[in-house]
Amino acid sequence: MAAVKTGLSRKLLARVLSVYFSLTLLVTVGQIFTEYLSTKNHVEGELQTLKNTFSSSLTRALWELNHDQVRAIAEGLMSLPIVEGLQVRGENGNYIAEYGIRAQRSPAPVDREIIEDHPGGVFSYSFPLVFKFSGRESTVGDVTLYSSFDTIFSRIEVGVFFLIGNALVKTTFLVFLFMTAFRTMLSEPLQTITEQMGNFDPQHPEESKLSIKLDDDNELLQLKESYNHVIDDLIISNNKLKDAQNELTLANKKLDDQNLILEQEVAKKTASLSQIMLDLEQQKDELIAHQRELRQENENRQYIEAELRKRNQELASSMDTLHQAQEQLVESERMASLGGLVAGIAHDVNTPLGVSVTAASFLQERLNNLKTDFEDKSLTSKNMASFIDEAEQTALLLLSNLERASDLIASFKQVAVDQTSETEREFVLGDYINEIIQSLKPSFKHTEHQINVSCPDKLIVTCAPGAIAQIVTNMVVNSITHGFEGKAAGSVTLDVKEDGDNVVIHYQDDGKGLSEEELSKLFDAFFTTKRGEGGSGLGTHIMYNLVTQSLHGHIEADSTLGNGLQYTIRFPKKSA
0 MAAVKTGLSR
10 KLLARVLSVY
20 FSLTLLVTVG
30 QIFTEYLSTK
40 NHVEGELQTL
50 KNTFSSSLTR
60 ALWELNHDQV
70 RAIAEGLMSL
80 PIVEGLQVRG
90 ENGNYIAEYG
100 IRAQRSPAPV
110 DREIIEDHPG
120 GVFSYSFPLV
130 FKFSGRESTV
140 GDVTLYSSFD
150 TIFSRIEVGV
160 FFLIGNALVK
170 TTFLVFLFMT
180 AFRTMLSEPL
190 QTITEQMGNF
200 DPQHPEESKL
210 SIKLDDDNEL
220 LQLKESYNHV
230 IDDLIISNNK
240 LKDAQNELTL
250 ANKKLDDQNL
260 ILEQEVAKKT
270 ASLSQIMLDL
280 EQQKDELIAH
290 QRELRQENEN
300 RQYIEAELRK
310 RNQELASSMD
320 TLHQAQEQLV
330 ESERMASLGG
340 LVAGIAHDVN
350 TPLGVSVTAA
360 SFLQERLNNL
370 KTDFEDKSLT
380 SKNMASFIDE
390 AEQTALLLLS
400 NLERASDLIA
410 SFKQVAVDQT
420 SETEREFVLG
430 DYINEIIQSL
440 KPSFKHTEHQ
450 INVSCPDKLI
460 VTCAPGAIAQ
470 IVTNMVVNSI
480 THGFEGKAAG
490 SVTLDVKEDG
500 DNVVIHYQDD
510 GKGLSEEELS
520 KLFDAFFTTK
530 RGEGGSGLGT
540 HIMYNLVTQS
550 LHGHIEADST
560 LGNGLQYTIR
570 FPKKSA
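Its first residue numbered 0, the sequence shown is counted upward by one per residue in numbering that gives the first Met the number 0.
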């Protein structure tokens with residue numbers, strides 16, 4: 000009986016303490032979780048703040064395809080304590096930089112800011128990189144920053160230990176208080192009551208009443224009074240028990256009759272239950288069949304996912320090949336431009352050289368005749384005077400044509416060397432532009448097109464002259480090929496001005512112009528209005544890259560149908 004008494008008190012104490020422990024644990028865990036969420040939100044806010052710090056430089060680097068700068072910026076971000084991983088993707092979904100912890104991502108491009116949680120306590124913040132130019136926006140890639148539970152825990156570690164220590168101290172004190180109170184107010188009185196109740200004598204119930212002394216008016220006092228009242232009732236009940244036995248015999252007979260009726264009802268219910276079990280077995284078979292179908296469908300889905308991953312890898316490989324082909328096309332476009340320049344210069348140089356060869360042959364013939372007359376001693380003063388006159392005219396003709404060929408070759412030589420070289424040097428911009436126009440004249444000498452150049456004298460710039468040559472060549476050739484199509488006499492104005500430390504080139508033709516849709520795609524790679532007629536669509540794309548990357552400047556285009564095309568190019572006099 001002592002074990003039972005002790006067990007009841009301990010169980011009650013254990014349940015009270017269990018509830019307290021549970022509440023304390025729940026509150027502590029809730030406080031820690033709240034602190035964790037608050038710190039996580041703060042970390043996510045810091046990650047979002049980083050976007051305003053580095054997105055512009057990273058966008059510029061991606062737009063300029065400067066992957067080394069992209070990786071340098073990424074390595075700088077990895078040095079921040081809150082950044083444990085980083086992924087930078089290009090506009091085609093290709094990974095340019097990957098560092099630290101990472102998670103599986105959707106291949107679709109990111110078009111808005113996204114915060115995601117990943118397995119293992121890792122979470123990420125993704126946002127797109129949008130480059131703005133000429134009033135348009137272009138997504139050049141996206142960035143994903145990763146952080147984890149370790150970063151958050153390092154910030155809340157002291158607070159967590161304080162909360163746990165506080166809970167342990169309060170729990171220890173309350174355990175001691177509960178144990179003392181339970182022993183004095185519950186355990187000892189219960190043990191005394193239990194011992195007296197254990198000495199109950201059914202033959203003399205009046206002697207089994209509780210006689211324990213209780214100071215407080217509590218549940219134990221009520222238990223004592225109730226128990227003594229039960230003893231009194233027991234004495235009365237014993238007297239009534241004999242009367243009840245007689246009634247019980249009669250009731251047993253009635254119960255037998257009810258049992259027979261109940262057995263019949265049970266038989267009916269059992270038959271109904273058997274039918275229900277059969278229906279359940281049939282439903283079980285159908286469920287197994289559905290599970291097999293779902294398993295087969297899952298296997299098919301896994302096969303399709305594997306095929307999609309394979310096709311994605313093939314697509315990535317195709318994109319690399321496409322980039323290489325684009326670079327080769329850009330170089331081919333540059334060499335094709337130079338080839339056209341060579342063909343035009345060669346044709347123009349051929350004419351004065353042909354005249355010079357004819358004049359030299361004529362002079363040689365006259366020298367041979369003079370030599371024959373001299374040897375035969377038939378040389379007269381008239382023949383000598385005629386030879387001198389013819390020789391003088393032939394020499395003048397020969398000299399003028401050779402000088403013309405020399406000028407053409409010198410102009411072509413400087414422009415051709417510059418177009419194939421990216422070396423920077425100091426030169427007079429106006430003279431150099433005139434040399435470029437001079438080298439381009441053979442391409443439109445059979446037309447009535449006019450090119451007017453206005454440039455301040457002695458305007459000296461320091462940059463790669465090949466970039467200037469390629470830009471001017473592309474603008475003039477595009478005007479002649481596209482703008483002046485079907486037009487006998489076109490006019491081009493090239494106006495150069497100084498603006499502080501910058502040079503501003505305003506180019507304008509009076510060609511057929513471009514529509515709003517064509518103007519929006521003017522600087523896109525492979526865009527051309529001569530698709531299928533020899534146009535590569537890389538001329539204006541090369542111009543844009545040369546202005547923004549080689550010259551570190553800015554280019555804008557403006558046009559409407561029927562009103563020609565205008566370019567405004569601004570770049571520093573000295574390359575940075």
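Where a beta carbon is used, it is the ideal one built from N, C-alpha and C, also for glycine.
Under the 8 Å Cβ criterion, the segment 430 to 437 counts as touching the segment 453 to 473, having at least three qualifying pairs.
Between Pro118 and Ala102, the C-beta spacing is below 9 Å. Here Asn477 is buried: its Cβ has 16 or more other Cβ atoms, across all protein chains shown, within 10 Å. Going by C-alpha positions, Glu555 is about 34 Å away from Glu74. The beta-carbon separation of Arg365 and Ala390, rounded to 7 Å, stays under the 8 Å limit for a contact.
The three-state secondary structure of Ser125, taken from DSSP, is strand. At the C-beta level, Glu63 and Ser146 stay beyond 9 Å of one another. The C-beta distance from Leu458 to Val495 rounds to 7 Å, short enough to fall under 8 Å. Around the CB of Ser355, 16 or more other CB atoms lie within 10 Å, so the residue is classed as buried. Around the beta carbon of Ala243, fewer than 16 other beta carbons sit within 10 angstroms, so the residue counts as exposed. Between Val546 and Leu493 a beta carbon distance of about 15 Å is seen, past the 8 Å cut, so the two are scored as non-contacting. Contact check for Gly489 and His445: beta-carbon distance about 13 Å, past the 8 Å limit, so the pair fails to qualify. Shown here, Leu240 sits in a helix according to DSSP, grouped into three states. Ser137 sits in a strand when the DSSP states are folded into three classes.
When secondary structure is reduced to three states using DSSP, Ser147 falls in the strand class. Bridge pairing for Asp278: absent [DSSP].
Between the segment 50 to 66 and the segment 268 to 286, the count of C-beta pairs closer than 8 Å stays below three; the two stretches do not touch.
CA-to-CA, the gap between Gln295 and Ser133 works out to about 54 Å. Going by DSSP, His66 is part of the alpha helix (DSSP H) stretching over His66 to Met77.
Its Cα nearest to that of Asp430, the residue Cys454 stands out among Gly499, Pro441, Cys454 and Thr422.
Rounded to whole angstroms, the Cβ separation of Arg88 and Ile95 is 7 Å, and the two are in contact under 8 Å.
Counted as a single uninterrupted DSSP element, the beta strand (DSSP E) harbouring His553 occupies residues His553 to Ser558.
For Lys486, the closest of Glu292, Asp508 and Phe177 by C-alpha to C-alpha distance is Asp508.
Within 10 angstroms of the beta-carbon of Pro106 lie fewer than 16 other beta-carbons, which makes it exposed. Proximity of the segment 35 to 51 to the segment 137 to 152 meets the contact definition, three or more beta-carbon pairs being nearer than 8 Å. Leu369 is positioned such that its CB atom lies closer than 9 Å to that of Met383. Annotation for Phe522: Thr539, His540 and Tyr543 place their beta carbon closer than 7 Å to its own, counting only its chain and skipping 5 residues before and after. The three-state reading of DSSP puts Arg101 in coil, since its state is none of H, G, I, E or B.
Taking a 10 Å sphere around the C-beta of Phe443, we find 16 or more other C-beta atoms and assign the residue as buried.
In the three-state reduction of the DSSP assignment, Gly499 falls in the coil class.
Linking Val475 to Leu401 through their CA atoms gives a straight-line distance of about 28 Å. Note that the C-beta distance between Val502 and Leu398 is not below 9 Å.
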